[in-house]
Each structure stands twice: as structure tokens, then as C-alpha cells.
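Report on the following structure.
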Amino acid sequence: MKKLLLHLDTDPVPSAFDQAVAYDSGVDNIVTYGGVTRDNVTPHVHGMIFTRGGKNLKNSAIFIGGSNVPASELVGKAVKKAFFGPVSVSVMLDPNGSNTTAAAIARKVMTDYDIKGKKVVIVGAGPVGQRSALYFLKEGAAEVVITSRSLSRAKIITDQMKAAYGVDVIPGESRTDEAVAELLVGAHVAIATGPAGVCILPKLAWSGNETLEVIADVNAVPPMGVEGLEVMDNGTEKEGIRFYGAIAIGNFKMKVHRAAIAALYESNNQFLDETTIYDIACKIES
Ligand SMILES: NC(=O)c1ccc[n+]([C@@H]2O[C@H](COP(=O)([O-])OP(=O)(O)OC[C@H]3O[C@@H](n4cnc5c(N)ncnc54)[C@H](OP(=O)(O)O)[C@@H]3O)[C@@H](O)[C@H]2O)c1
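Listed below in C-alpha cells is the structure:
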């Protein structure tokens with residue numbers, strides 16, 4: 011039986027990237043819709059769950075993407091609601107690549123590196139930064155700071171993370187280069203998860219820092235998110251610090267994304283999201 015993927019995107023035009031990865035993961039056919047919302051998704055879900063019965067249901071699955079992460083999460087909730095008890099298909103939620111990218115950052119940083127007891131500073135409090143924080147705490151980091159250019163915005167995010175996941179993340183303000191340098195005092199790991207094409211971690215913030223051991227950046231568009239880091243860095247040592255750039259992290263992200271899509275077809279009742287996608291990443295060699 012053919013492996014079908016219902017690709018639901020909250021953006022008006024569904025992502026070509028997500029479809030290409032799905033085909034490369036062994037999907038036979040993709041049924042794709044853009045402009046999906048929690049209010050219009052139910053008939054699409056019914057189209058998947060009422061066409062194949064019993065054990066054949068595992069050959070159908072749903073992928074939810076889109077650049078608006080909260081909107082895609084609402085679609086995820088509506089999809090779950092549209093299932094009838096055991097009449098369901100497996101679902102992967104990876105809006106804007108946030109779950110697979112954050113899982114890849116965390117696993118890359120932890121390549122031959124024990125995060126237990128370490129202090130991590132994440133500069134950039136978007137979805138990728140927030141999920142990375144979760145994974146470092148899960149693996150035993152002593153302290154995780156997440157920063158915004160506005161302390162009040164960072165505080166709103168850390169409060170939301172406490173409410174959603176029960177985790178204590180420390181808010182920080184990264185308004186100036188000097189403020190970033192100050193935040194990195196005593197830190198062992200620094201992660202740049204800012205927007206593409208913006209340097210958010212200048213050299214003055216890391217060069218000469220006495221505790222930093224690892225720095226990673228997911229911005230692939232010049233200038234790099236970290237000054238002095240190169241996009242191809244893959245554990246490259248500079249001034250005693252190990253660097254990981256966006257290509258090394260992105261290559262691993264692709265493996266995680268493909269493995270998660272393939273895993274959808276193992277059963278009809280999985281929900282792969284920010285928690286479970288990380289577990290898949292842990293099984294892949296970084
Ligand atoms: N390699 C991959 O496969 C892959 C996949 C997905 C994403 N990514 C990359 O991952 C990074 C993070 O993604 P995301 O979706 O979490 O990011 P995002 O939400 O677009 O941005 C992260 C944070 O950066 C801050 N910011 C925005 N403009 C800024 C500026 N001009 N200067 C300094 N800070 C600024 C914003 O916080 P404040 O306004 O509160 O300061 C924002 O919350 C992006 O570079 C993206 O391209 C890579």
C-alpha cells in the first residue's frame with residue numbers, strides 16, 4: 011500500500027522544502043494544502059482517517075508546517091481533536107523546521123560533550139531557541155539563559171515555558187554587544203538562534219571568555235550569527251572553544267527530519283512534536 015502524507019501548511023503556499031524532504035524519506039505521494047487553520051482542517055483529517063481502515067491506517071500520515079509556529083500548533087491540536095479514539099494517523103509537527111533544528115543543535119553541541127552541570131546561554135528567543143533550551147535542561151544543564159533584546163519579552167517567554175513545560179529558564183537581555191558579553195561570563199555553551207543574516211554574538215563577547223567551551227550558530231546567511239564562526243565549522247576549535255556552524259547543524263537536522271517522517275509509518279498513533287522529535291534525534295549519530 012502506498013505511503014500517503016497529508017501536508018498541512020499554515021502559510022498560503024505550502025513549503026516545497028517540507029515536500030522534498032518527505033519524498034526523500036520514502037513517502038510515495040503527498041496531498042498538500044496551504045492556508046490551513048484550526049477552523050478548516052477537520053475535513054482534511056477525515057479524508058485521511060476514513061479512507062484506510064485497521065492496520066492499513068499506518069500507511070497514511072500528516073505533516074504540519076508553516077512559518078507561524080503558534081498557528082501551526084493550534085492546527086496540531088485541532089488535528090488531534092478530529093481523531094476518533096483509535097481511528098487516527100500519525101502526525102509530525104515541525105513548523106518552520108523549529109523542532110528538527112533545535113534537536114539538531116542540542117545533539118551537535120552534545121557530541122562528545124557532557125552538558126550536565128553546565129551553564130548555557132541562548133541568544134535569540136524564537137521557537138528554535140526555546141526548544142533548544144528545553145533539550146539542554148532535559149539533559150542536565152545546570153542553568154539555561156534565553157535572551158531577547160527586551161528583558162520583558164524574554165520574561166514573557168520564560169513564563170510561557172514554565173507554564174507549558176514546567177521548566178525554569180532564566181530570561182536575559184541582549185540589547186547591546188556589551189550586554190551579550192556580560193551574559194556569557196561564567197557560561198560554558200553559547201548558542202546563536204537569531205534571525206538569518208544578523209550577527210548577534212560579536213567576537214568581543216566570546217574571545218577571551220575564560221569558561222566558554224562550545225559555541226553554535228544556526229544562521230546560514232552572511233554575516234554569521236557569531237562573528238569568527240564559519241558556516242562549515244563542525245567541532246572546529248578556535249581559542250580553545252569548539253564551534254558548530256549552520257551547515258553542520260543543518261545536515262544533521264535533515265537526518266532528523268527524514269528519520270521522523272519515516273517513523274510516522276511505523277504505527278497510526280504517534281504525535282511527533284517538540285518533545286518526541288528530540289527522542290528520534292538521540293538515536294541518530296551526530
Ligand atoms: N539550518 C536550518 O535548517 C534552520 C531551520 C530553521 C531555522 N533556522 C534558523 O534558525 C534561526 C532561528 O529561527 P527562529 O525561527 O527561532 O528565529 P526568529 O523567531 O526569526 O528570531 C529569533 C529571535 O531573534 C531576535 N531578533 C529579530 N531580529 C533581530 C535583530 N535584527 N537583531 C537581533 N535580534 C533579532 C528576535 O527576538 P527579540 O526581538 O525579542 O530580540 C527573535 O525572537 C534563524 O536564523 C533561522 O534561519 C535554521
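Numbered per my numbering, the sequence shown spans residues 11 to 296. We put the beta carbon where it would ideally sit given N, CA and C, even for glycine.
Express the C-alpha separation of residue j and residue i in angstroms, rounding to a whole number.
i	j	result
residue 43	residue 84	16 Å
residue 194	residue 113	22 Å
residue 81	residue 170	16 Å
residue 118	residue 173	28 Å
residue 51	residue 18	8 Å
residue 262	residue 295	9 Å
residue 210	residue 30	31 Å
residue 62	residue 98	10 Å
residue 271	residue 88	20 Å
residue 95	residue 208	46 Å
residue 252	residue 166	31 Å
residue 247	residue 215	17 Å
residue 269	residue 245	23 Å
residue 66	residue 22	31 Å
residue 204	residue 191	16 Å
residue 264	residue 134	22 Å
residue 131	residue 38	42 Å
residue 202	residue 175	22 Å
residue 154	residue 291	21 Å
residue 46	residue 123	41 Å
residue 27	residue 86	20 Å
residue 273	residue 285	15 Å
residue 90	residue 158	32 Å
residue 70	residue 16	8 Å
residue 147	residue 40	36 Å
residue 168	residue 226	21 Å
residue 48	residue 258	35 Å
residue 293	residue 33	22 Å
residue 64	residue 198	50 Å
residue 20	residue 196	41 Å
residue 267	residue 35	8 Å
residue 189	residue 236	15 Å
residue 143	residue 77	20 Å
residue 10	residue 260	Past the edges of the chain, shown from 11 to 296, lies residue 10, and the structure says nothing about it.
residue 56	residue 92	7 Å
residue 106	residue 54	21 Å
What distance in whole Å lies between the Cβ atoms of residue j and residue i, which are believed to be in contact at a cut-off of 8 Å?
i	j	result
residue 108	residue 141	6 Å
residue 116	residue 145	4 Å
residue 218	residue 239	Actually they do not touch by this definition, with Cβ atoms about 16 Å apart.
residue 161	residue 181	6 Å
residue 212	residue 187	5 Å
residue 179	residue 156	5 Å
residue 68	residue 277	5 Å
residue 234	residue 241	6 Å
For residue i, count the other beta carbons within 10 Å of its own beta carbon; 16 or more makes it buried, fewer makes it exposed. Which is it?
i	result
residue 128	buried
residue 221	exposed
residue 14	buried
residue 289	exposed
residue 9	The requested residue 9 is not part of the displayed model; the chain covers only 11 to 296.
residue 250	exposed
residue 126	exposed
residue 58	buried
residue 150	exposed
residue 229	buried
residue 73	buried
residue 232	exposed
residue 275	buried
residue 152	exposed
residue 200	buried
residue 24	buried
residue 120	buried
residue 206	exposed
The region 90-109 / the region 275-288 touching (three or more Cβ pairs under 8 Å): The region 90-109 makes contact with the region 275-288, as at least three CB pairs between them are under 8 Å.
Within the region 112-170, ranges of the alpha helix (DSSP H) (whole runs, at least 4 residues): 137-148
Uninterrupted beta strand (DSSP E) stretches inside the region 25-78 (no shorter than 3 residues): DSSP runs (the beta strand (DSSP E)) wholly in the region 25-78: 39-43, 70-75.
Runs of beta strand (DSSP E) wholly within the region 198-226 (minimum 3 residues, chain order): 199-202
Those runs of the alpha helix (DSSP H) which lie wholly inside the region 232-280 and span at least 4 residues: 256-274
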